[in-house]
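Let me begin by presenting the structure, written as structure tokens, before commenting on it.
2 protein chains.
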Amino acid sequence: MTASRALNGTGHIARATEERIQIIAEKYKYRPNLLIRGVQTGRTMNIGVIFPADLGFYTNVLEGLHDELLASNYSIQLSLIHQHLGEHAIRQEHQQILRLLDLRVDGIILRPVNDDASDLYFKEVFERNIPLVTIDRKLENVHCDALGTNDFKAGQQAAEYLITKGHRNILLAATGDIVSTGRERRNGFLSSAEKVKGVHVSIINETDFKHHENEARNALTSHPEITAAFCVTDILAAGLYNTALKLGIRIPKDLSVLGFGNLGMGPYLNPPLSTFDQHPAKIGKAAAQLLVKRINSTSEKKRAQQKTISADILERQSVRNINSHETPR
Amino acid sequence: MTASRALNGTGHIARATEERIQIIAEKYKYRPNLLIRGVQTGRTMNIGVIFPADLGFYTNVLEGLHDELLASNYSIQLSLIHQHLGEHAIRQEHQQILRLLDLRVDGIILRPVNDDASDLYFKEVFERNIPLVTIDRKLENVHCDALGTNDFKAGQQAAEYLITKGHRNILLAATGDIVSTGRERRNGFLSSAEKVKGVHVSIINETDFKHHENEARNALTSHPEITAAFCVTDILAAGLYNTALKLGIRIPKDLSVLGFGNLGMGPYLNPPLSTFDQHPAKIGKAAAQLLVKRINSTSEKKRAQQKTISADILERQSVRNINSHETPR
DNA sequence: TTGTAAGCGTTATCAT
DNA sequence: ATGATAACGCTTACAA
Numbered sequence: 000m001t002a003s004r005a006l007n008g009t010g011h012i013a014r015a016t017e018e019r020i021q022i023i024a025e026k027y028k029y030r031p032n033l034l035i036r037g038v039q040t041g042r043t044m045n046i047g048v049i050f051p052a053d054l055g056f057y058t059n060v061l062e063g064l065h066d067e068l069l070a071s072n073y074s075i076q077l078s079l080i081h082q083h084l085g086e087h088a089i090r091q092e093h094q095q096i097l098r099l100l101d102l103r104v105d106g107i108i109l110r111p112v113n114d115d116a117s118d119l120y121f122k123e124v125f126e127r128n129i130p131l132v133t134i135d136r137k138l139e140n141v142h143c144d145a146l147g148t149n150d151f152k153a154g155q156q157a158a159e160y161l162i163t164k165g166h167r168n169i170l171l172a173a174t175g176d177i178v179s180t181g182r183e184r185r186n187g188f189l190s191s192a193e194k195v196k197g198v199h200v201s202i203i204n205e206t207d208f209k210h211h212e213n214e215a216r217n218a219l220t221s222h223p224e225i226t227a228a229f230c231v232t233d234i235l236a237a238g239l240y241n242t243a244l245k246l247g248i249r250i251p252k253d254l255s256v257l258g259f260g261n262l263g264m265g266p267y268l269n270p271p272l273s274t275f276d277q278h279p280a281k282i283g284k285a286a287a288q289l290l291v292k293r294i295n296s297t298s299e300k301k302r303a304q305q306k307t308i309s310a311d312i313l314e315r316q317s318v319r320n321i322n323s324h325e326t327p328r
Numbered sequence: 000m001t002a003s004r005a006l007n008g009t010g011h012i013a014r015a016t017e018e019r020i021q022i023i024a025e026k027y028k029y030r031p032n033l034l035i036r037g038v039q040t041g042r043t044m045n046i047g048v049i050f051p052a053d054l055g056f057y058t059n060v061l062e063g064l065h066d067e068l069l070a071s072n073y074s075i076q077l078s079l080i081h082q083h084l085g086e087h088a089i090r091q092e093h094q095q096i097l098r099l100l101d102l103r104v105d106g107i108i109l110r111p112v113n114d115d116a117s118d119l120y121f122k123e124v125f126e127r128n129i130p131l132v133t134i135d136r137k138l139e140n141v142h143c144d145a146l147g148t149n150d151f152k153a154g155q156q157a158a159e160y161l162i163t164k165g166h167r168n169i170l171l172a173a174t175g176d177i178v179s180t181g182r183e184r185r186n187g188f189l190s191s192a193e194k195v196k197g198v199h200v201s202i203i204n205e206t207d208f209k210h211h212e213n214e215a216r217n218a219l220t221s222h223p224e225i226t227a228a229f230c231v232t233d234i235l236a237a238g239l240y241n242t243a244l245k246l247g248i249r250i251p252k253d254l255s256v257l258g259f260g261n262l263g264m265g266p267y268l269n270p271p272l273s274t275f276d277q278h279p280a281k282i283g284k285a286a287a288q289l290l291v292k293r294i295n296s297t298s299e300k301k302r303a304q305q306k307t308i309s310a311d312i313l314e315r316q317s318v319r320n321i322n323s324h325e326t327p328r
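These protein sequence lines map, in sequence, to chains A and B. Following numbering that gives the first Met the number 0, the numbering of the first sequence begins with 0 at its first residue and continues without gaps. Following numbering that gives the first Met the number 0, the numbering of the second sequence begins with 0 at its first residue and continues without gaps.
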């Protein structure tokens, strides 16, 4: 017992005893057994993290998460889920959650597979009072903290930005209603665009990316008045670059393109893609902070918080200002 | 005790008892405490993984690792190290290794910060007989399993490929001697190129990527006879695209470019970059297999294995065949 | 086939 | 300030 106190620096202890014990510990290379400490204290200082197997954007979220958790002396128990497996992915996710619980993690950070999970799906988590923070998905029927981008606002910013640059006929490449993030960006964009007279938006709204190229070609050829496009993700923007190239449409001279997500290919496209930076590391950091706070809060009653990090535009060279006085030619 | 046997399906037990216990377990929603099981059995079924914080290439290694480990019922304890912090990174790494040990992981998979660690650096790991597999770095003075790309061979493949395509004056963009992977690719390339008469290699050999653009410009202007370049990493290849653009050199008409690593920007470059696929998921999978085998092997005496995954060329559109009969103009 | 006893390494609690 | 005791939940070893 005295040894425990000396090594952890907890409680009253004589300086001399403390030093003596520390010396002995060093001599015998004592190392604590964190498993048993976890059992005993009820806190493992281990956080479960569940992300899509194809990390992409989440690598940086993970990095932010990791750094912040490490700063609070937490480790990360990582699970990856292959998202494309449909129902099987959901089963996998649930199983991994149970495993993390069995491992006695102190909290869970999760980018859920599907948007419409309910409290019931997470019942084991709640029963054990393990704090849960979701990333990038607001689960309507789940009462837990959530963290993500303010996608609606970002969509608004996109519209305002392109309109400010003089564009009035704009293509909106969106991804349907299934994924909440893309849906919000689209809705935000439309809400802002509608407020400005003389602005016309052509919209592609396909969940399947394969359909986008065709639709984009149709839109651009039948509406030559379009001078700008907002793509709800950089992947669509990159696709649009190809379509434009095939049609002989030059970016940004003939068509301005604004992407979303700063997904890594942006700087390598020609011209470099202007896009939204979601600050993924900040998202991770904030999620970790929320979780740690929740773990340490004795009053379990605090309502679920939905925190949001603002994305902002990273200007590169794919958007042109077409206001007459700025482009005199 | 009987319950333990029934729930784990281990040992002799009456069918009736087993079922009765399982029903009770279900009724009370019994879940095992994996911490205590780990303490008791000496196996936590948890593997420590330490990767660079800036995962990049390692995201896919991690994915392969994860899937293979999961198949063997292992979880992952993840640590990230910020590589650019020099000595501090090494301290961090060491601390994380100790932490994983305290957490009683059954094995460790590590992409080490530095190439010249010795057995001493890992002494705590060896003392506890925890298997260690390194990724992408052959530590000369450490007796542990290692997994990576066969970089020397890949370098040879690169030379042979470009030579087969008719190139005789080739630029080799390399990264000095510090990082073993790049060094091996360079040496492999040179070893194959030297064997063929009439082949001349101009070499840039700078660790700092910033110097590459200048050097490349010099090389290309003073040696207009150069028709191809092999870049030891895609990042250098992307840089070379820019340099070429500035100099009015067209790819692949005037200059063929072959990259390395398939780092993600390749398909988005113009023209799409031909490069080496290192099959990172396979590397992860093989590393996991090696580790699991090592964990299960009772005879600890088996010598360290160095397994290697062959990289191969992913042909896109940045390398041109300039043999006269194929390009009649 | 089932059950008993001991022990894993630590901390909480209470006593000295 | 220090120490004794119990407890955490499980499995190994052995007994019945």
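We put the beta carbon where it would ideally sit given N, CA and C, even for glycine.
(request) Might you give, ordered along the chain, the residues of its own chain that have their beta carbon closer than 7 Å to the beta carbon of A286/B, omitting 5 neighbours on each side? (result) L64, I108, V132, I134, L146
(message) Pairs of beta-carbons, one from the stretch 271-286 of chain B and one from the stretch 242-262 of chain B, closer than 8 Å: are there three or more?
(response) yes
(request) Using a Cβ cut-off of 8 Å (strictly closer), state whether D135/A contacts chain B. (result) Among the CB atoms of chain B, none fall inside 8 Å of the CB of D135/A.
(message) If I measure Cβ to Cβ from E314/B and keep anything under 8 Å in the same chain, skipping five residues before and after, which residues do I get?
(response) S273
(request) Using a Cβ cut-off of 9 Å, pull out every chain A residue sitting near V329/B, in sequence order please. (result) Here chain B covers residues 0 to 328 and nothing more, so residue 329/B does not appear.
(request) With DSSP as the reference, please indicate the residues paired to G106/B in a beta bridge. (result) I46/B
(request) Hey, could you find the ends of the alpha helix (DSSP H) G37/A is sitting in? (result) Boundaries of the alpha helix (DSSP H) harbouring G37/A: 33-40, taken from the DSSP string.
(request) Indicate whether at least one CB of chain A lies closer than 8 Å to the CB of H211/B. (result) no
(message) Quick check: does the Cβ of E86/B come within less than 7 Å of any heavy atom belonging to the ligand MG?
(response) This structure does not include the ligand MG; it has no bound ligands of any sort.
(request) Under 7 Å between beta-carbons, which chain B residues line up against L246/A? List them in chain order, please. (result) The contacting residues do not exist; L246/A stays about 16 Å from chain B at best.
(message) So for T297/B, helix, strand or coil by DSSP?
(response) In the three-state reduction of the DSSP assignment, T297/B falls in the coil class.
(request) For Y29/A, decide whether its Cβ has a neighbour in chain B, counting only Cβ atoms nearer than 8 Å. (result) With 8 Å as the cut-off, Y29/A does not count as an interface residue toward chain B.
(message) Please report the straight-line C-alpha distance between S309/A and N204/A, rounded to a whole angstrom.
(response) 24 Å
(message) So the candidates are K194/B, H199/B, V178/B; which of them puts its Cα closest to the Cα of R167/B?
(response) H199/B
(request) Work out the CA separation of E224/B and T326/B for me, nearest whole Å. (result) Note on T326/B: pLDDT 49, under 50, position unreliable in the model; the coordinate value appears next. Spanning the two alpha carbons is a distance of roughly 17 Å.
(request) Could you tell me the boundaries of the beta strand (DSSP E) in which G147/B lies? (result) 144-148
(request) Determine the DSSP secondary structure at I177/B, reduced to helix, strand or coil. (result) coil
(request) Using alpha carbons as the reference points, say which of A215/B, H83/B, L79/B lies closest to Q94/B. (result) L79/B
(message) What residue range does the alpha helix (DSSP H) around N377/B cover?
(response) Residue 377/B lies beyond the range of chain B shown here (0 to 328); nothing can be said about it.
(request) Have a look at A331/B and L84/B and give me their C-alpha separation to the nearest angstrom. (result) Past the boundaries of the shown model lies residue 331/B; chain B is included only from 0 to 328, so the question cannot be answered.
(request) For I23/B, name the three-state secondary structure that DSSP assigns. (result) helix
(request) Establish whether the CB of R110/A and some CB of chain B are separated by less than 8 Å. (result) no
(message) Give me the DSSP bridge partner(s) of D114/B.
(response) None, per the DSSP bridge assignment.
(request) For the stretch 72-84 of chain B, enumerate the residues whose C-beta is nearer than 9 Å to any C-beta of chain A, in chain order. (result) S74, I75, Q76, L77, S78, L79, H81
(request) Closer than 8 Å by C-beta to F121/B: which residues in its own chain qualify, once you throw out the five before and the five after it? Chain order, please. (result) For F121/B, where only same-chain residues beyond five positions count, the Cβ hits under 8 Å are I96, L131, V141, C143.
(request) With 7 Å as the C-beta to C-beta threshold (strictly closer), list the residues of the stretch 248-273 of chain B near chain A in chain order. (result) From the stretch 248-273 of chain B, only G263, M264, Y267, L268, N269 have a Cβ closer than 7 Å to chain A.
(message) I want to verify the contact list: residues of chain A whose CB lies under 9 Å from the CB of H65/B, in sequence order.
(response) Those within 9 Å of H65/B in chain A are A52, L77, S78, L79.
(message) Please return the same chain residues whose Cβ sits closer than 8 Å to the Cβ of R328/B, not counting the five positions on each side in sequence.
(response) Since pLDDT at R328/B reaches only 32, below the 50 mark, its modelled position is unreliable, and no value is offered.
(request) In angstroms with no decimal places, state the Cα-to-Cα distance between R42/B and L170/B. (result) 52 Å
(request) Using three-state DSSP, classify H199/B as helix, strand or coil. (result) strand
(message) Buried or exposed, going by whether 16 or more other CB atoms sit within 10 Å of the CB of I339/B?
(response) Because chain B is modelled from 0 through 328, residue 339/B falls outside the range shown and cannot be assessed.
(request) Could you tell me which chain B residues have their CB closer than 7 Å to the CB of T58/A, listed as they occur along the chain? (result) L54, T58
(request) Evaluate Q156/B with the Cβ neighbour count: other Cβ atoms within 10 Å of its Cβ, from every protein chain shown; 16 or more gives buried, anything less gives exposed. (result) buried
(request) Below 6 Å CB to CB, which residues in the same chain sit around V195/B once its five sequence neighbours on both sides are set aside? (result) I162
(message) Please list, in chain order, the residues of the stretch 185-211 of chain A that have any C-beta partner in chain B closer than 7 Å.
(response) none
(request) Return the CA-CA distance between A227/A and I312/A, expressed in angstroms with no decimal places. (result) About 15 Å.
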